[in-house]
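Take the sequence shown: its position 8, counting from 1, is numbered 8 in full-length UniProt numbering, and each next residue is one higher.
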Amino acid sequence: MRWLAIVDSGVGQRPGKEVVQLYVAPQNSSIIRPIRELKDFAKFHLKVGETNQVIFRLSSRAYAYFNITTKDFIVETGTYEIQIGRSSRYIVLTEKAEVIGKKY
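What follows is the structure, given as structure tokens:
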């Protein structure tokens, strides 16, 4: 799966660095999991007035958790929310993804 983020933060008076983070948030897990899990991030430099495009590529493993009993990575079938932002507390884009379960 691919997710695209457009960053337009070069609007200040000075150039600077920007970080964009991608989180996966399981919506109805059968086990207790974190509210969101950081799966990828990009860091780059922006000039004044510059816009940057970030493409994240997620494999099905991005939705998995490790089952300590079976010693397998498990992807549960269900809805996951993809969240993109500057931090876990500053999410600016969200999108739902339907995922089919799998064992690794």
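The C-beta atom is built at its ideal place from N, Cα and C for all residues, glycine as well. All values reported here derive from a predicted model rather than from experimental measurement.
Asked                                                                                        : Found
Status (buried if at least 16 other CB within 10 Å, exposed otherwise) for R14               : exposed
Enclosing beta strand (DSSP E) for L38 [first to last residue]                               : E37 to L46
Cβ-based burial, V92 [other Cβ within 10 Å; buried from 16]                                  : exposed
Cβ-based neighbour list, I35, same chain, cut-off 8 Å, excluding 5 preceding and 5 following : A25
Bridge-paired residues (DSSP) for G78                                                        : V99
Beta-carbon spacing of D40, F66 below 7 Å                                                    : no
Boundaries (first-last residue) of the beta strand (DSSP E) holding G16                      : G16 to P26
Assigned secondary structure, Y104 (DSSP; H/G/I helix, E/B strand, else coil)                : coil
Backbone CA spacing between V48 and K102 [nearest angstrom]                                  : 45 Å
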